[in-house]
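First residue of the sequence shown? That's 1 in UniProt numbering, and the numbers climb one at a time after it. Note that CB positions come from ideal geometry on N, CA and C, so glycine has one too. Model, not experiment: these values are computed from the prediction. Okay, structure first, notes after.
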Amino acid sequence: MTDRLYSRPEGITETLADRLEKPLLDNRTYRVIRLPNQLEALLVHDADTDQASAAMDVHVGSMSDPEEMQGMAHAVEHLLFMGTEKYPGENDYNSYLTKFGGHSNAFTAPTSTNYYFELSASSKSNSPNSSTNASEASLPIAKGEAPLYGALDRFAQFFVKPLFLEDTLDRELRAVDSENKKNLQSDTWRLMQLNKSLSSKNHPFHLFSTGNYKLLHDDPIARGVKIREEFMKFYEKHYSANRMRLVVLGREGLDELQDWVEELFSPIQNKNLPKLRWDGLPPQTEEELCTQIFAKPVMDARMLDILFPYPDEEDLYETQPGRYIAHLIGHEGPGSILAYLKAKGWVNELSAGPSPVCPGAAFFSIGIRLTSEGLKHYQEVVKTVFHYISMLKESPPKEWIFEESAKLAEIDFKFKQKSPASRTTSQLSGVMQKSYPREWILSGQSLMRRFDPEGITRGLNALRPDNFRYTVVSQEFPGGWDQKEKWYGTEYKWEKIPGDVLKEFERAHKSVASERPAELHLPHKNEFLPTRLDVEKKDVLKPSLVPKLIRNDTNMRLWFKKDDQFWVPKANIYVYLRTPIMNETPFLGVTSHLYKDLVDDSLTEYAYDAELAGLEYNITRLPEAWEISVSGYNDKMHVLLEKVLTSLRDLEFKQERFDIIKERLARGLRNTEYSEPFRQVNTYTRWLGKETQWITDDFLEELPAVTADDVRRLFPQLLRQMHMEIMVHGNLYKEDALRIGHLVEMTLKPLPLPKRQWPSSRMLAYPAGSDYRYERTLKNPDNVNHCIEYVVTLGDIQDRPLRAKMLLLSQMLEEPVFDTLRTKEQLGYIVGGGALAYPTLGKYRILVQSEKDCEYVEKRIENFLTNFETDLKEMPHKEFEAHKIGIINKRLEKLKNLSQESGRLWHHITSEAFDFELVYRDVENIEPLTQQDIVDFFVKHFKPDSPSRIKSCIYMIAQTTAADIAANTSPAEQQEKLAAGVAELLGQLGVTVDTAALSTQLEKIDLAKGDVESITANVGKYLQKAAGIAAEQVEAIVQQAQAVLPQFLPQLGIKPQAATPEAANGHANGTTNGHTSGETPKSNTIIIKDVKKFKESLPLTAAAHAVKDVSEFEDLEPKL
């Protein structure tokens, strides 16, 4: 450690460490400092980075929420983004980041709140064509011109003087509410909260961490609480410099970064708050233990979750006893719990490990996915777990097992590669809250330094039948759920484990070897442990962008690239088995899906050791091919590849296992239709745009008829003719790559597939001026959110000038889409826009998941696009140029690791475009673009009244109707929600609202009639009398209200009656698929009813074309 002290007028900054233990190839330099206000910061100088980042972890989270306002910490996280004293604009921070191609986010954990951002490291273009690039890149940049300094300046103010503005408060609380509603049908969130809610009420673990509008707004106001003051009190009480851990990563030197941190973060107040701990306060007590919970999920799932209160091991970072125990209980190889229970047909998956609750408490959890038979035998499954724990306890912990795990951990840390900047800063700022020596911040949670058999024994002693409970999750079993969890509505039954069952568990826990299944035993030594880790590193002036084609014949194209920039003992192998029949029919598609799942299932035990040793495989079923990949340490990867290929070729399985995998696939397919709407919607955009694409409905229709023999016959049928595309990339030589190609060929031995029969991916060519809409009702009856994907088709993705305009305009739209549709208009929590690069077409989409009606949301999107034309035309030239630099630098962002480069190369190969220099071609075409170019592009392709625009919308429609809402909403609640909704609308239009006066005015309306004209007339009276607004302005506001109310009233359970005859004509459509339509679609909107006929009516695009003939990449030698 260097004892260097930096003196500033306000005190002394102390250097805590500047020689951190780091990976072998990590060329960054680090310094850990403590400011006079006791804020600790890790400074990271990375001369090679093109992305700068910072993160702040504040040691306070949802466990500090007051009982009466749960979700407080989460709401404060949202509110800090909404303006500070120095930068009062609510989008000042995000608009600044977007200008430099950046982004930000935050999350609230139980004991911390983490804020982070990332943006371009330079305000200058990184383009090789830039006049400043070569001569000026190495010169120091004035801090005012450095994007990182400007971002840090804005970021620091979150923790110095946030405003908690009254006019943003309601909107952000609604955003919190929308975020909560997004999660209401998620089993992950539901089961997590059920476990918390059924824990000790004396421990804050039981609290509801997300919060909702009622908890954070309505209820406190009803109690006379001034909610803004409460949020400010929470902030003042818990946000203190001594609880903050900052990480800053940039190109700048450590001294300069330190100067910036001292200048910008020293003003944060230090309140000398204590570290949060909950020692001696168990989250689950005797009352909650030895119990069984039966929970009914939303999706068709069968799970068994076993939970033990466990010692807090945060300070045991050198020995990590829980990691040793988890390694054995969670093992998947021969002798493991999983292998034994899979052989009995009871279990598909198992995971295990310790999880911290808070300083002072933790759990050890075992998660098991059951088969239908396993559900019937869940008590036997629990008993097996205790048999295995008994086996572990009967002899001392094995040092060789610890050393093997420690050796793998050491290798992984030694050759750890870089990750994205914001992921690095966010993670490390959280790590800094732990008690590691500052020199071990990078390595503390990675390395296992010392074998501690006593610690392992203490951990095992917590795994007892008198210190656990379990949850059985199933839609069918046992039935009779008699309670509902308060926050998510999960149905459940909770009771003590019957005494005779608990005694069985106790007997298993105390069993001797003769009483346990003989199949349970410790794992064998791992044969996949890498031993050859040599890397031949050479000086490379500039890494090659292009792989070499070292074999090209009727059977195979074999591509190779020796790693020339990351220098790790790793490689990636991709095998693409091209076949025209893979996706010919839904029957073949779902049969190949089953085949792939059965291969994975057969490889579980064998491949687990490889996975532990940093070597993984993956089989992907694509429409045009099977894709097999093997990645990790190159030492033994050929062994794993050969095993995967032979399993694919010679698959053997029993009928019982086939039935289990088939049933699991059916459940998985059904469950996709119960996932959140925003996760489903793009499936239908792709389905409607591609020549041949099947959806879940097609697979579910065919799956029941698929037999085990159908699956057995499949691969020989596929192998009959196949073309093999292979890429080898990493720490291997050309000779190695040729041997791998030979291995694949000799193992599979397919007949060659003539090139004219290769499948191609083509898109439907929608005509200019077209406007299509497809509506689909969501399957989950309890989901309250609709979702819309609004897409404009731009043209040929290989048209370089068009692609450049798409990329730049997408960058320019990113922040305004979010700020307008989410922050200001509060359409929903899930809002975003971005470019979509399909195989042959470029598109742009705006996605919104909302409780609001799809047609209303579509109108708001169109309104946004109409207004954005003006914003685009009036954008200052300097801002436009900053956006250009931002997207150029984003495109030129350096690859962080070998896998990123492999992925990029492989994409260009399988697309058959071979456009390996695409990034540089993009930059060449972005650089000359003018503001007028982008305005013209926008007007042609995006502007709603453009005759050449190509638009399509997917509506995912919730089943909940106005009648359903009305049945559960009282007239008083309707009045209250109407007043809140009108107040929100007026606030968006710049009107300061007296809520009480507005409510009094609206109470005069008979809402049952749904009379829009009466409502807007009373809004007008309020505006003139109480708000004192001029008549002409009132008229404009009332017109906007008339447009919005027909979409808003159904959310209150009110069927709107049109304000005028003209409006009545506009709303004649009534309801469609269970939701209220805002108005009849425009005359040129085609609602797609028959997808097959729709596709047949349209021409196809050309397939992707190669930018260079493949022969130009050849570096051929005779085959081995």
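- Following the DSSP letters along the chain, one finds L918 inside the alpha helix (DSSP H) bounded by residues 918 to 926.
- For the alpha helix (DSSP H) assignment, the uninterrupted runs of no fewer than 4 residues enclosed by the UniProt domain "Peptidase M16 N-terminal" (42 to 199) are, from N- to C-terminal side, 72 to 79, 92 to 99, 133 to 136, 147 to 160, 166 to 183, 187 to 197.
- Listed as beta-bridge partners of N572 by DSSP are S631, H729.
- For C854, the three-state secondary structure derived from DSSP is helix.
- Using a Cβ distance threshold of 8 angstroms, G834 and S120 do not count as a contacting pair.
- Nearest to L612 by alpha-carbon distance, out of I628, L594, R649, P530, is P530.
- Closest in alpha carbon position to V791, among G832, P754, A52, is G832.
- Here I389 is not bridged, per DSSP, to any residue.
- Under the 8 angstroms Cβ criterion, the region 320 to 331 does not count as touching the region 506 to 521, having fewer than three qualifying pairs.
- The beta carbon of P543 sits closer than 6 angstroms to those of D564, Q565, all from its chain and outside the five residues before and after it, given in chain order.
- Between A913 and H638, the beta carbon gap of about 30 angstroms keeps them out of contact (Cβ cut-off 8 angstroms).
- In this structure, DSSP gives L545 a state outside helix and strand, which the three-state scheme calls coil.
- Closest option to Q974, judged by alpha-carbon separation, among I1054, S902, V1038, R921: I1054.
- Contact check for L1002 against A1026 fails: the beta carbons are separated by 8 angstroms or more.
- When the alpha-carbon of K342 is set against those of L665, F864, E519, the nearest one is in E519.
- Residue pairing for K226: DSSP places it in no beta bridge.
- When the five nearest sequence neighbours on each side are left out, the beta carbons in the same chain lying within less than 8 angstroms of the beta carbon of M582 are those of L588, G589, S592, R621, L622, P623, E624, A625, W626, L718, P759, in order along the chain.
- Only buried fits A361, as 16 or more other CB atoms lie within 10 angstroms of its CB.
- A462 has its alpha-carbon roughly 21 angstroms from the corresponding atom of M448.
- DSSP places S365 within a strand segment (E or B) once states are collapsed to three.
- Counting along the chain, no beta strand (DSSP E) covers D563, and no H or E run does either.
- Rounded to the nearest angstrom, the Cβ distance from V385 to I366 is 6 angstroms, consistent with a contact under 8 angstroms.
- Judged by beta-carbon spacing, F942 lies within the 8 angstroms limit of R949, meaning their Cβ atoms are closer than that value.
- With distances taken between CA atoms, E855 lies nearest to L1045 out of L1045, L651, E166.
- The beta carbons of Y829 and K182 sit about 5 angstroms from each other, so the pair counts as a contact at 8 angstroms.
- When only Cα atoms are considered, E851 and L216 end up about 19 angstroms apart.
- In this structure the region 590 to 609 touches the region 700 to 718; the number of beta carbon pairs closer than 8 angstroms is three or more.
- Sequence-distant partners of N105 (beyond 5 residues in either direction) whose C-beta falls short of 7 angstroms from its own C-beta, in its chain, are Y116.
- Scanning the region 806 to 889 from its first residue to its last, the whole beta strand (DSSP E) runs of 3-plus residues come out as 830 to 837, 841 to 850.
- The C-alpha of E858 is placed about 30 angstroms away from the C-alpha of K1021.
- Closest in C-alpha terms to D48, from the list N27, I33, Q38, D65, comes N27.
- Per DSSP, the beta-bridge partners of K496 are T291.
- H1105 sits in coil when the DSSP states are folded into three classes, being neither helix nor strand.
- Residue state for M232 is assigned as helix, using DSSP reduced to three classes.
- Two segments are said to touch when three or more pairs of C-beta atoms, one from each, lie closer than 8 angstroms; by this definition the region 748 to 766 touches the region 1092 to 1107.
- In the three-state scheme derived from DSSP, where H, G and I count as helix and E and B as strand, E676 is classed as coil.
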